[in-house]
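What follows is a set of notes on a single structure, which appears directly below.
Numbering (our numbering), first residue to last: 181 to 290.
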């Protein structure tokens, strides 16, 4: 059996700039691309958000932030029409502001 250390063996012979580029590449490889939603998905999310706001239900929101998708659980407090952002209060009473264009999915918590 060959016990090869892979990249560790070669890093001592590499320039520091190359090592930094490899580390940056590994980080960038984990980035997710932002999905474009079709009209049917937008209408469905609109209905779910309207119901959640009327009946003050908790929702799970998947949104795009920092090149990754994040999950947020909380209540939709209101929608700011000027900035096109949702004001969401999570279970720890912290406020979050999410742009509508960054939202990928909204579901009502059971």
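We put the beta carbon where it would ideally sit given N, CA and C, even for glycine.
Sequence-distant Cβ neighbours of residue 238 in its own chain, meaning closer than 7 Å and more than five residues away, are 253, 254, 255, 289. As computed with DSSP, residue 240 is found in a beta bridge with 253, 287. Boundaries around residue 198 are those of the alpha helix (DSSP H), 196-209, since no beta strand (DSSP E) includes it. Inter-segment contact for the region 254-272 and the region 200-214 is absent: fewer than three beta-carbon pairs are separated by less than 8 Å.
Rounded to the nearest whole angstrom, the C-alpha separation of residue 247 and residue 234 is 32 Å. Under the three-state reduction of DSSP, residue 218 is assigned to coil, being neither helix nor strand. The three-state secondary structure of residue 273, taken from DSSP, is coil.
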